[in-house]
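To start, the structure under review is shown below, and the notes come after it.
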Amino acid sequence: MTSDDKAVKKSRAINTMEKIEFLLRILSDGSFHSGERLAEQLNVTRSAIWKLVRKLKSWQIEIYSVTGKGYKIPGGLDLLDKSCLQKKLSHNHLFKQVDVFTSIDSTSDYLSRQWKSLPGVGRVCIAEHQSAGKGRKGRVWVSPFAANLYFSIGVSLPLGLSALGGLSLAIGISLAKTLNQWTNRKIKVKWPNDLMVDDRKLAGILVEACGESNDHSFLNIGVGINWNMQPEHASELEQPWINLKELSEIKLSRNQILAEVLIQLDKTLTGYLSHGFTEFLKDWNQLSAMIDRSVTVHLANSQVNGIEAGIELSGALRLETESGIQIFHSGEVSLRKRR
Ligand code: BTN
529 MTSDDKAVKK SRAINTMEKI EFLLRILSDG SFHSGERLAE QLNVTRSAIW
579 KLVRKLKSWQ IEIYSVTGKG YKIPGGLDLL DKSCLQKKLS HNHLFKQVDV
629 FTSIDSTSDY LSRQWKSLPG VGRVCIAEHQ SAGKGRKGRV WVSPFAANLY
679 FSIGVSLPLG LSALGGLSLA IGISLAKTLN QWTNRKIKVK WPNDLMVDDR
729 KLAGILVEAC GESNDHSFLN IGVGINWNMQ PEHASELEQP WINLKELSEI
779 KLSRNQILAE VLIQLDKTLT GYLSHGFTEF LKDWNQLSAM IDRSVTVHLA
829 NSQVNGIEAG IELSGALRLE TESGIQIFHS GEVSLRKRR
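Per the numbering used here, the sequence shown runs over residues 529 to 867.
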């Protein structure tokens, strides 16, 4: 019996989430574990193990159960490690505190709730699974367990709401530059907040802001990065998508990627506070997935076709249309369909 096993045995008051986490750590090695042995390790019945496994399956974790052999997660799991992340972010300026959840409704909603009780504390919330992950425009963000990366950063910045358009683009640029160091195909940015590779979506950003005054805002920056999404997870996705894992020949752990992304985002936000968007404009033009291409801008109740012509310093989109340059402060861009 390992010391972990003993700890579980000793503790009578272990709750369901702790049992799930313990079970996940055992099964994360990708080998078979018998139901009987698992029951012993968790100090529960075999039928309780079966119920826990059913819960894990509802989080879209693939688990084999084979009579006589037990349970196995094929390929194992690369789980998040809170203490490793907390240590790596200890030199951040704007957000150092890390909350890691095995499962949560939405990391962004969690931060909004925290903000109400602990306003002003910069923090990052990371989850293995989101039961109500949300995308922009009220869309669902599919969040299968440990398959991708889901996190939200909550910070209070001395910026008015009008400065936030550029900031949300700077976040996309920061992510693309950080991830591009590991990939063999170029990750680009699509206005306003997507990361794309060969016109397939790699990541999405959801920036929610509430202005507390004219010159101060609480920003809730939610990021979802596809890492190892499987077709069965993504059946309801409308857009073509791609995984970071298939773009990299280097063996990276999800903890390594997250730590580097979060360190660079902290630097980006700090840089934006000193210099604004100007220094990001060149990067945007170099990384833009749609510049000079024929696109459609989708607004709430209408669409406008044109050629994407870069962005303004405010972060607004410039579109060359038949009636001249039009500027958009919100909306979504897609490649224009040929008729
Ligand atoms: C989009 O492209 O529509 C934005 C997607 C943002 C998804 C992330 S995942 C972490 C955070 N929590 C959420 O519920 N949404 C964001």
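All C-beta atoms in this analysis are idealised placements derived from N, C-alpha and C, irrespective of residue type, glycine included. Remember, it's a predicted structure, so these values are computed and weren't measured experimentally.
Collapsed DSSP secondary structure at residue i in the structure displayed
{"i": "serine 559", "result": "coil"}
{"i": "arginine 565", "result": "helix"}
{"i": "threonine 798", "result": "helix"}
{"i": "valine 789", "result": "helix"}
{"i": "isoleucine 778", "result": "coil"}
{"i": "serine 539", "result": "Low confidence applies here, because serine 539 scores a pLDDT of 48, under 50, leaving its location unreliable; read the following figure in that light. Coil at serine 539, not helix or strand."}
{"i": "threonine 711", "result": "coil"}
{"i": "threonine 544", "result": "helix"}
{"i": "isoleucine 839", "result": "strand"}
{"i": "serine 684", "result": "strand"}
{"i": "glycine 604", "result": "coil"}
{"i": "leucine 667", "result": "Correcting the residue type first, residue 667 is arginine in the shown sequence and not leucine. In this structure, arginine 667 counts as coil in the three-state DSSP scheme."}
{"i": "glutamine 642", "result": "helix"}
{"i": "asparagine 620", "result": "coil"}
{"i": "asparagine 571", "result": "coil"}
{"i": "histidine 803", "result": "helix"}
{"i": "aspartate 637", "result": "helix"}
{"i": "isoleucine 554", "result": "helix"}
Residue i - partner residues in DSSP beta bridges
{"i": "valine 825", "result": "Val832, Val861"}
{"i": "cysteine 738", "result": "Phe746"}
{"i": "glutamine 658", "result": "Ile632"}
{"i": "methionine 724", "result": "Lys716, Lys729"}
{"i": "tryptophan 769", "result": "Lys729"}
{"i": "glutamate 549", "result": "Answer is none; glutamate 549 lacks a bridge partner."}
{"i": "valine 752", "result": "Going by the sequence as given, residue 752 is glycine instead of valine. Looking at the DSSP assignment, glycine 752 forms a beta bridge with Tyr678, Gly732."}
{"i": "aspartate 627", "result": "Cys653"}
{"i": "glycine 598", "result": "Val594"}
Residue i - containing beta strand (DSSP E), residue span
{"i": "glycine 852", "result": "852 to 856"}
{"i": "serine 593", "result": "592 to 594"}
{"i": "arginine 846", "result": "845 to 849"}
Extent of the continuous alpha helix (DSSP H) to which residue i belongs
{"i": "arginine 582", "result": "574 to 586"}
{"i": "serine 611", "result": "610 to 616"}
{"i": "leucine 695", "result": "692 to 708"}
{"i": "threonine 806", "result": "806 to 815"}
Residue j beta carbon less than 7 Å from that of residue i
{"i": "glutamate 840", "j": "methionine 818", "result": "no"}
{"i": "tryptophan 769", "j": "lysine 716", "result": "no"}
{"i": "histidine 826", "j": "glutamate 850", "result": "no"}
{"i": "asparagine 829", "j": "arginine 864", "result": "no"}
{"i": "leucine 566", "j": "isoleucine 577", "result": "yes"}
{"i": "asparagine 756", "j": "aspartate 609", "result": "no"}
{"i": "glycine 604", "j": "glycine 843", "result": "no"}
{"i": "leucine 555", "j": "isoleucine 601", "result": "yes"}
{"i": "leucine 622", "j": "leucine 797", "result": "yes"}
{"i": "leucine 683", "j": "isoleucine 654", "result": "Reading off the sequence shown, one finds valine at residue 683, where the question assumed leucine. Contact: no."}
{"i": "serine 745", "j": "leucine 707", "result": "no"}
{"i": "leucine 775", "j": "threonine 711", "result": "yes"}
{"i": "alanine 675", "j": "glutamate 656", "result": "no"}
{"i": "proline 672", "j": "histidine 761", "result": "yes"}
{"i": "serine 494", "j": "leucine 809", "result": "A query on residue 494 cannot be resolved here, the shown segment of the chain reaching from 529 to 867 and no further."}
{"i": "leucine 677", "j": "alanine 704", "result": "no"}
Closest Cα partner of residue i within the set the options
{"i": "methionine 545", "options": "Asp811, Trp755, Ile632, Ala698", "result": "Ile632"}
{"i": "asparagine 543", "options": "Gly558, Glu564, Leu622, Leu580", "result": "Leu580"}
{"i": "glycine 547", "options": "Ser659, Val572, Val649, Asp557", "result": "Note on residue identity: the sequence assigns lysine, not glycine, to residue 547. Among Ser659, Val572, Val649, Asp557, the Cα nearest to that of lysine 547 is on Val572."}
{"i": "serine 636", "options": "Val668, Asp811, Arg821, Leu617", "result": "Val668"}
{"i": "serine 696", "options": "Phe673, Ser776, Leu747, Val626", "result": "Leu747"}
{"i": "tryptophan 643", "options": "Gln614, Ile749, Asp743", "result": "Ile749"}
{"i": "valine 670", "options": "Arg664, Ala660, Gln814", "result": "Ala660"}
{"i": "leucine 687", "options": "Gly799, Ile589, Tyr638", "result": "Gly799"}
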